[in-house]
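Scroll down for the structure; my scribbles are underneath it.
There are 2 protein chains.
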Amino acid sequence: MLRSMSFLVLSCFSALVFAKQPIAIVIHGGAGTINKSQLTEAQEQAYHATLKHAVDTGYAVLERGGSSVDAVTEAVLIMENSPLFNAGKGAVYTYDEGHELDASIMRGDNLMAGAASGLTHIKNPVLLARAVMERSEHVMLSGAGAEQFAKEQGLELVDNSYFDTEFRYEALKKAKQSMQKLPHQAQNYRLKAPWQPEWNMGTVGAVAIDRSGLLTAATSTGGMTAKRYGRIGDAPIIGAGNFADNASCAVSATGHGEFFIRYRVASDICARVKYQGISAAKAADQVIQQELAKVGGTGGVILIDHKGQISWSFNTEGMYRAKRTEGGVAVTEIFKDSPSLP
Amino acid sequence: MLRSMSFLVLSCFSALVFAKQPIAIVIHGGAGTINKSQLTEAQEQAYHATLKHAVDTGYAVLERGGSSVDAVTEAVLIMENSPLFNAGKGAVYTYDEGHELDASIMRGDNLMAGAASGLTHIKNPVLLARAVMERSEHVMLSGAGAEQFAKEQGLELVDNSYFDTEFRYEALKKAKQSMQKLPHQAQNYRLKAPWQPEWNMGTVGAVAIDRSGLLTAATSTGGMTAKRYGRIGDAPIIGAGNFADNASCAVSATGHGEFFIRYRVASDICARVKYQGISAAKAADQVIQQELAKVGGTGGVILIDHKGQISWSFNTEGMYRAKRTEGGVAVTEIFKDSPSLP
Chain A
1 MLRSMSFLVL SCFSALVFAK QPIAIVIHGG AGTINKSQLT EAQEQAYHAT
51 LKHAVDTGYA VLERGGSSVD AVTEAVLIME NSPLFNAGKG AVYTYDEGHE
101 LDASIMRGDN LMAGAASGLT HIKNPVLLAR AVMERSEHVM LSGAGAEQFA
151 KEQGLELVDN SYFDTEFRYE ALKKAKQSMQ KLPHQAQNYR LKAPWQPEWN
201 MGTVGAVAID RSGLLTAATS TGGMTAKRYG RIGDAPIIGA GNFADNASCA
251 VSATGHGEFF IRYRVASDIC ARVKYQGISA AKAADQVIQQ ELAKVGGTGG
301 VILIDHKGQI SWSFNTEGMY RAKRTEGGVA VTEIFKDSPS LP
Chain B
1001 MLRSMSFLVL SCFSALVFAK QPIAIVIHGG AGTINKSQLT EAQEQAYHAT
1051 LKHAVDTGYA VLERGGSSVD AVTEAVLIME NSPLFNAGKG AVYTYDEGHE
1101 LDASIMRGDN LMAGAASGLT HIKNPVLLAR AVMERSEHVM LSGAGAEQFA
1151 KEQGLELVDN SYFDTEFRYE ALKKAKQSMQ KLPHQAQNYR LKAPWQPEWN
1201 MGTVGAVAID RSGLLTAATS TGGMTAKRYG RIGDAPIIGA GNFADNASCA
1251 VSATGHGEFF IRYRVASDIC ARVKYQGISA AKAADQVIQQ ELAKVGGTGG
1301 VILIDHKGQI SWSFNTEGMY RAKRTEGGVA VTEIFKDSPS LP
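First to last, the sequence lines map onto chains A and B.
Our numbering numbers the first residue of the first sequence as 1 and each following residue consecutively.
Our numbering numbers the first residue of the second sequence as 1001 and each following residue consecutively.
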């Protein structure tokens, strides 16, 4: 009798505690020139299915009381393991026909963060970013050193060819053809090589809020097709392609990384929320539709603010994206003209 | 007659245009546990002399109508070439007894930026950061790839041993001794290795405003003594160790880089100026003396706001620093109890 009373009290207590913060997760799989004419029906369905699988997996973690750190990790893992996205398997090719991957993760309660760049053998870069956050005293590791750390942490290593896909190799060939048409000097350092969203599209990210109110953001990418010179984009830069702060919002970005670094996109959106008191949705629109759009910076963001409000904003034709909020079902969208968020 | 009239008109016009914005420059050479007992009189004088040389050289560029991009470059070059600072010659040692350097630069009019990390053969990392900003389509390059780009740009390369100094080698030995006292696992990834400001002190930076009102910030460092795993600190992270925006302020930071990344220090200070309308001095104090101090993040910043107001803030015992404003002379300071800024 006492035991069942205790159970009842505990259950009520749990319900009260757990009712505190509605859970939510939002993910993206890259922004760019995506329209109906470029995707077959089968491709479109494949994207919807993988986005749904990823967002549902992250949601399930939250639903069973798991942390948003686990939720975004699980969601990103599914997209990294899918060849559809430019992250993990399916990463774009560098100029030298290899793959160099970047990832980051940040939690909004204590602003702990982890990032890794220039990875060539880490099957799941998001796991390395997380290991950096949780098991090193550093925030950002790079190249061979980062992989040495990954080995010590027992992370799964793969041959660089694991990341190969036919689709991305075709994109590299097209990128190189386009570069050959440029004057010799420009070729050298791609000064004027046009950013082609369709060559690079597919950075992935996830943002979630758990029952404790913890915001976490994660981002993972293969970067830019035909990239050279150890180029680092915005994905592993805390404050650019990823940011989380329980006092404002959590953001994962995708797009032309150089603009996202210069305009410190993720942290600027959160700064507007924190210091101007505007909603995250409005802040994101200001940065993506105004600041970036006027200088030609293409891309988008997904975000959740400290009240648990989900939003996204992109200035491209489409963005692979999905969301799931407390008690609801997964909503997956690709094109700009998809029904907008409620 | 006509010619001298034209000259007169041009001179007046120039005087009017040039009178628009008073010039100013502020530099730092690292923050940390600096007190009278740790410096000999000769060392103290050497620091004052080099800081004065650097700030005067940058000021001279501004005085003759040069850009703040040139001014900060020249000032940083002098500190990189001096063994007194942890940047260029005099950079700290990595765990493997080499040197890996990082630098960044950003201009506040168009938010163009350049950064490079993990450099082992570039004599002057600030020149590579500038080349990335001005002659590549990227913002951040790393490692061997960054050095390949530097070679193509004709930058001066040196053997890694060029960066050697006895003083820094002693610091590495002390750091390793301290690490050996840690439990084996912690040694592996320095999870609990205490940050020792005196081992790492000496990151350099410069911020300037020229007659056109252009703000520029540059930062250069050898990073953290005994660093491993391709660790990247805040110096080459736009928004963390360096940021410039004519709409708010320009900042160069020095300190425990992991905190400066997580708290996106440079961009947060500028965000407070931009969105809260407070002075850069107040914003810097909020971030350095409150946000960072309460979590144990040691270091400091130098900054100039969009009105040309110079300030600095540090939560350590000292910060090597100097400033020079329109019509004034160089002021160099080291300790906390130096007369504060007017």
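Beta carbons are placed, not taken as given, at the ideal position from N, Cα and C, and that holds for glycine.
Chain-order list of residues whose beta-carbon lies under 7 Å from that of alanine 247 of chain A (same chain, five-residue window excluded): When the five nearest sequence neighbours on each side are left out, the beta carbons in the same chain lying within less than 7 Å of the beta carbon of alanine 247 of chain A are those of Lys274 and His306, in order along the chain.
Alpha helix (DSSP H) runs contained entirely in the segment 75 to 148 of chain A, provided each spans 4 or more residues: Within the segment 75 to 148 of chain A, the complete alpha helix (DSSP H) runs of at least 4 residues are 125 to 135.
Contacting residues, own chain, Cβ-Cβ under 6 Å from glutamate 1344 of chain B (five flanking each side not counted): One cannot answer for residue 1344 of chain B here, as it falls past the ends of chain B, which runs 1001 to 1342.
Buried/exposed call for threonine 325 of chain A, threshold 16 Cβ in 10 Å: Around the beta carbon of threonine 325 of chain A, 16 or more other beta carbons lie within 10 angstroms, which makes this residue buried.
Proximity winner among B:Ile1238, B:Phe1167, B:Asn1315 and B:Pro1236, relative to threonine 1225 of chain B (alpha-carbon distances): When each option's Cα is compared against that of threonine 1225 of chain B, the closest is B:Phe1167.
Chain B within 8 Å of tyrosine 229 of chain A, Cβ atoms only: So yes, tyrosine 229 of chain A belongs to the interface.
Rounded distance between the beta-carbons of threonine 50 of chain A and serine 82 of chain A, thought under 8 Å: Contact flag correct, Cβ pair sits at about 5 Å.
Aspartate 1234 of chain B versus valine 331 of chain A - alpha carbon distance: Near 38 Å, if we compare the C-alpha coordinates of valine 331 of chain A and aspartate 1234 of chain B.
Contact set between the segment 144 to 175 of chain A and chain B, restricted to residues whose Cβ is under 7 Å from the partner: For the segment 144 to 175 of chain A, which is checked against every Cβ of chain B, the residues closer than 7 Å are Ala144, Gly145, Ala146, Gln148, Phe149 and Glu152.
Glycine 1257 of chain B (DSSP reduced to helix, strand or coil): The answer is helix: DSSP assigns glycine 1257 of chain B an H, G or I state.
The segment 200 to 208 of chain A / the segment 27 to 36 of chain A touching (three or more Cβ pairs under 8 Å): Output reads yes: the segment 27 to 36 of chain A touches the segment 200 to 208 of chain A.
Chain C contacts made by the segment 1106 to 1117 of chain B, where a contact means CB separation under 9 Å: Among the protein chains in the structure shown, which are A and B, there is no chain C.
Span of the beta strand (DSSP E), counted from its first residue to its last, around threonine 57 of chain A: Following the DSSP letters along the chain, one finds threonine 57 of chain A in no beta strand (DSSP E) but inside the alpha helix (DSSP H) bounded by residues 41 to 63.
For valine 273 of chain A, the first and last residue of its enclosing alpha helix (DSSP H): Taken as a continuous stretch (DSSP letters only), the alpha helix (DSSP H) holding valine 273 of chain A covers 265 to 276.
Pair within 8 Å by beta-carbon distance, isoleucine 209 of chain A and glycine 90 of chain A: No, Cβ-Cβ distance for isoleucine 209 of chain A and glycine 90 of chain A is not below 8 Å.
Reduced DSSP secondary structure (H/G/I, E/B, other) of glutamine 1226 of chain B: The sequence given here places alanine at residue 1226 of chain B; glutamine does not occur at that position. Of the three classes helix, strand and coil, the one that applies to alanine 1226 of chain B here is coil, per DSSP.
Same chain, Cβ closer than 8 Å to methionine 1112 of chain B, neighbours up to 5 away in sequence not counted: Taking methionine 1112 of chain B as the centre and dropping the five residues before and after it, the same chain places the C-beta of Met1106, Met1133 and Glu1134 closer than 8 Å to its C-beta, in chain order.
Contact under 8 Å by Cβ, phenylalanine 1259 of chain B with leucine 1292 of chain B: Taking 8 Å as the Cβ cut-off, phenylalanine 1259 of chain B and leucine 1292 of chain B qualify as a contacting pair.
Neighbour-count burial assignment, aspartate 1245 of chain B, 16 or more Cβ in a 10 Å radius: By the neighbour-count rule (16 or more Cβ atoms within 10 Å), aspartate 1245 of chain B is buried.
Within chain B, partners of leucine 141 of chain A - CB distance below 9 Å: Arg1228, Tyr1229, Gly1230, Arg1231 and Ile1232, listed in chain order.
Delimiting residues of the beta strand (DSSP E) encompassing lysine 307 of chain A: Unbroken run through lysine 307 of chain A: none, as it is neither H nor E.
Neighbour list for glycine 1223 of chain B in chain A, Cβ cutoff strictly below 8 Å: The premise fails here: glycine 1223 of chain B is roughly 10 Å from chain A at the closest Cβ pair, so nothing lies under 8 Å.
Per-residue contacts from glycine 1272 of chain B into chain A (C-beta, under 7 Å): The sequence given here has arginine at residue 1272 of chain B, not glycine. Under the 7 Å cutoff, chain A gives Tyr275.
Cβ-based neighbour list, glutamate 1147 of chain B, same chain, cut-off 6 Å, excluding 5 preceding and 5 following: Excluding its 5 nearest sequence neighbours in each direction, glutamate 1147 of chain B has C-beta neighbours in its own chain below 6 Å: His1121, listed in chain order.
Among B:Val1287, B:Ile1232, B:Ser1178 and B:Ala1283, the one whose alpha carbon lies nearest that of methionine 1140 of chain B: Methionine 1140 of chain B has its Cα closest to that of B:Ile1232, out of B:Val1287, B:Ile1232, B:Ser1178 and B:Ala1283.
Within chain A, partners of serine 1267 of chain B - CB distance below 8 Å: Result: Gly239, Arg264, Ser267, Asp268 and Ala271.
Own chain residues within Cβ distance below 6 Å of isoleucine 1269 of chain B, not counting five before or after: Non-local C-beta neighbours of isoleucine 1269 of chain B in its own chain, meaning closer than 6 Å and more than five positions away in sequence, comprise Val1251, Ala1283, Ala1284 and Val1287, ordered along the chain.
CA nearest to the CA of tyrosine 1169 of chain B, picked from B:Glu1152, B:Gly1222 and B:Asn1124: Of the candidates B:Glu1152, B:Gly1222 and B:Asn1124, the residue whose Cα lies closest to the Cα of tyrosine 1169 of chain B is B:Gly1222.
Cβ-heavy atom distance, glycine 233 of chain A to the ligand SAM, below 7 Å: The model depicted lacks the ligand SAM and carries no ligand whatsoever.
Run of the alpha helix (DSSP H) containing methionine 179 of chain A, from where it starts to where it stops: Here the alpha helix (DSSP H) through methionine 179 of chain A covers 166 to 180.
Beta-carbon contacts of isoleucine 78 of chain A that lie in its chain and below 8 Å, excluding the five residues immediately before and after: Counting only Cβ-Cβ distances below 8 Å, and skipping sequence neighbours, we find Thr50, His53, Ala54 and Thr57.
Glutamate 1333 of chain B - DSSP class collapsed to helix/strand/coil: Strand at glutamate 1333 of chain B.
Rounded distance between the beta-carbons of glycine 1300 of chain B and glycine 1255 of chain B, thought under 8 Å: Yes, glycine 1255 of chain B and glycine 1300 of chain B are in contact; Cβ-Cβ is about 6 Å, under 8 Å.
Where arginine 1272 of chain B falls, given that 16 or more other Cβ within 10 Å makes a residue buried: Per the 10 Å Cβ criterion, buried.
Per-residue contacts from isoleucine 261 of chain A into chain B (C-beta, under 9 Å): Residues of chain B passing the Cβ test: Ala1113, Ala1115, Val1139, Met1140, Ile1237, Ile1238 and Gly1239.
Bridge-paired residues (DSSP) for phenylalanine 1314 of chain B: Phenylalanine 1314 of chain B pairs with B:Gly1300.
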